[in-house]
Structures are given as structure tokens and as C-alpha cells.
Ligand SMILES: [Zn+2]
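Residue numbers (UniProt numbering): 1 to 346.
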């Protein structure tokens with residue numbers, strides 16, 4: 001790892017302003033930040049072209065161009081909705097196909113913080129086998145496109161390594177030195193995760209410089225996502241899932257009570273602070289984004305209505321019973337929501 005920031009990488013903090021506004025959180029409540037997202041591998045069971053165009057859906061149903069079409073349409077339809085996106089290889093292809101009017105609309109979504117770029121590399125890079133040099137270069141390539149196409153608000157502030165199979169201290173140090181504000185991980189060793197959950201240490205400062213470079217330049221706020229990068233059990237509303245939708249109409253299928261109480265049970269677990277992230281999406285989700293967004297709209301409104309009049313409990317947020325405020329997206333800026341983390345030296 002180079003001891004100082006790579007010369008071709010300008011520090012992010014200086015380069016990008018704060019874009020969009022923070023959600024108004026409620027002190028004393030457990031603030032659950034739903035993160036609508038799709039995880040689009042840049043090549044896995046299909047090639048990058050097959051994934052983009054939706055070819056060979058008999059191998060795996062996935063068409064990223066339709067995901068981006070559908071997500072952007074749903075964001076434009078309802079100002080409260082938000083989304084995070086990571087894989088620039090696909091976004092760059094889609095961008096090239098768009099007319100100027102659509103590009104303007106997307107830039108506005110980004111400036112308002114309603115479409116937030118995370119990670120920002122050409123792909124979500126491997127940390128086990130890659131040398132640091134191509135890791136830095138692919139991040140640089142993706143970020144250069146984002147800066148040119150979307151402006152300063154398109155530069156991600158949060159590293160989003162939710163599917164690499166293992167993580168390296170050196171990569172965390174690189175993210176810190178590049179100026180990222182935080183790093184989110186999906187896959188960690190199951191024994192480590194279990195231990196961290198029991199100690200409520202799923203969030204920490206990773207002192208990634210190690211013994212050879214103990215300077216704070218390589219410290220980075222790191223969060224381990226609660227459900228790898230999936231939604232909690234029973235709350236998957238994509239066309240690729242089969243969980244029941246939220247039905248709040250006068251119907252024998254009405255399930256609002258059950259959905260709300262089940263969600264509150266799930267939310268009040270495992271974290272020490274009163275701000276938690278909850279990913280809502282998975283592999284190649286949101287090809288029909290209406291399913292996800294309309295059900296999350298209902299979940300948010302029913303949960304917030306149920307707890308709206310409750311008295312917040314002071315003390316350890318983990319023990320707060322069923323007092324939750326839900327937001328959609330914009331969770332990732334430490335200046336918005338990330339509380340004082342557990343300090344862990346590694
Ligand atoms: Zn993946």
C-alpha cells in the first residue's frame with residue numbers, strides 16, 4: 001500500500017460537496033435506514049453483455065438496462081424515494097444510450113441525493129487476489145466517469161464492498177486514503193460475525209494502516225450489514241422473490257398488523273446505536289422497481305404511524321422496544337446518521 005494518497009486520486013472530501021439533505025431523524029428512537037439497492041455483478045453466471053441486455057435469462061434472470069430504466073422512472077415518479085447504485089460498468093453503458101433530457105433528470109436526482117452512487121469503481125473489486133494497483137485503477141476509472149457525467153455529487157463517499165468474499169486491511173486503508181467516509185461490508189466470516197453480533201460490534205473504526213502505519217489517515221468507519229446485503233427474512237418484494245406483498249386494503253389478504261410487528265421485531269436487534277442500516281434489495285433486483293418501492297412506501301407509512309405517538313425510551317437503543325422510525329435511503333453519510341462507533345483497533 002502506498003504510504004500516502006495515490007497522486008492520481010484527489011481526496012474526496014475536498015472534491016465533493018454534501019449532496020442532498022439528511023433525513024430528519026428522531027432522537028431516542030431507533031432510526032432504521034432502508035437502503036433500496038440492486039447488486040449487479042459485472043460478470044458471474046453470464047457475461048457482462050448478457051447481464052446488461054438481459055440475454056440468456058434461462059441461465060439467470062437479469063437485465064441491468066431494464067433495472068436502471070425502471071429505478072429511474074420510479075424515482076422520478078415519487079420524490080420521497082431513494083436508491084443507491086454501485087456498478088459503473090453498467091451505468092456507463094446505460095448513460096450512453098440516454099438522451100440529454102434523461103441525463104439532466106438523472107443529474108438532478110444525484111444532486112438531490114435521491115440517487116446516490118456508492119463504491120464507484122468500474123466493478124466491486126475483489127480483495128483477495130487482486131494487486132492494489134489495478135484495484136486503484138478500476139476505482140479511478142469508474143470515478144472519472146461519475147465525475148464527468150454526474151458532476152461532484154456523483155462521486156461516492158462510501159465504499160460498498162458488499163459481495164467480495166473476504167476483506168483486506170490494505171483495501172480498507174486505500175479507501176480511507178482516497179477520502180471515503182465509510183466502508184460497508186456484506187460477507188464476513190460467520191464466526192467473526194456471530195461474535196461481533198453478540199458484542200454489538202458490527203460497526204467500528206478500522207485502523208487499517210496496521211502497525212507499520214498507525215496514523216489516522218488509514219482509519220475508516222466500517223459497518224457490517226445485518227443481512228449480508230439482502231432484505232430481512234419475509235421482506236423481499238422483488239419479482240424474483242415470493243414474500244407476500246403488504247396489503248392494507250379491506251381484504252381477507254390484509255396483513256398490515258403482522259408485517260409491522262414482524263418488522264419491529266427484526267429491527268430491534270444486534271446494533272448498539274440508534275441508527276441502523278437495512279438493505280432492501282439483492283442480486284439483479286428492481287427490474288420491475290414498482291414492486292419494491294410501492295411495498296416499502298406502505299411499510300414506512302404503517303410502521304411510522306404505529307410508533308408515531310410512542311414515547312422514546314432513553315438508554316441503550318438496543319433495548320428500545322418497538323420504537324422505530326423508517327427512512328428510505330440517504331443513510332450513508334456519517335454526517336447524516338452514523339453515530340459514535342465502537343472503536344476497534346486492528
Ligand atoms: Zn456479486
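Think of the CB as a built atom: it goes at the ideal place given N, C-alpha and C, for glycine as much as any other residue.
Between the C-alpha atoms of residue 201 and residue 226, what's the straight-line distance to the nearest angstrom? 11 Å
For ligand 1, I want to know if residue 41 counts as a neighbour, meaning its beta carbon is within less than 7 Å of at least one of the ligand's heavy atoms. yes
Within the same chain, show all residues whose beta-carbon is closer than 6 Å to that of residue 112, passing over the 5 residues directly before and after it, in chain order. 20
Cut-off 6 Å between Cβ atoms - residues of its own chain near residue 230, not counting five sequence neighbours on either side: 282
Counting beta carbon pairs with one atom in the stretch 123-142 and one in the stretch 57-64, are three or more of them shorter than 8 Å? no
Out of 133, 257, 72, state which residue places its alpha-carbon closest to the alpha-carbon of residue 104. 72
Can you tell me which of the three DSSP states residue 20 falls into? coil
By how many angstroms is the C-alpha of residue 30 removed from the C-alpha of residue 279? 16 Å
Since residue 90 and residue 40 are thought to touch, with beta carbons under 8 Å apart, how far apart are those beta carbons, to the nearest angstrom? 6 Å
Alpha carbon to alpha carbon, how far is residue 287 from residue 124? 20 Å
Through-space distance from residue 204 to residue 179, alpha-carbon basis: 17 Å
Unbroken beta strand (DSSP E) runs of length 3 or more, entirely within the stretch 85-149: which are they? 115-117
Should residue 163 be counted as a contact of ligand 1 given a C-beta to heavy atom distance under 7 Å? yes
Closest by C-alpha distance to residue 207, when choosing among 183, 276, 162, 147: 183
By how many angstroms is the C-alpha of residue 161 removed from the C-alpha of residue 36? 16 Å
Could you spell out the range, first to last residue, of the alpha helix (DSSP H) harbouring residue 171? 169-178
Just verifying my parser: in three-state terms, what is the DSSP assignment at residue 312? With a pLDDT of 45 at residue 312, under the threshold of 50, the modelled position of that residue is not reliable, and no figure is offered here.
Just verifying my parser: in three-state terms, what is the DSSP assignment at residue 34? strand
Answer yes or no: do residue 246 and residue 306 have a C-beta to C-beta separation smaller than 8 Å? no
The beta strand (DSSP E) enclosing residue 275, as first and last residue numbers: 275-280
Using a threshold of 7 Å, is the CB atom of residue 206 nearer than that to any non-hydrogen atom of ligand 1? no
What does the Cβ neighbour count give for residue 85, buried or exposed, with the cut at 16 atoms within 10 Å? buried
Within 10 angstroms of its Cβ, does residue 216 collect 16 or more other Cβ (buried), or is it exposed? exposed
C-alpha gap between residue 187 and residue 195, whole angstroms: 14 Å
Bridge partners for residue 161 per DSSP, in chain order? 185
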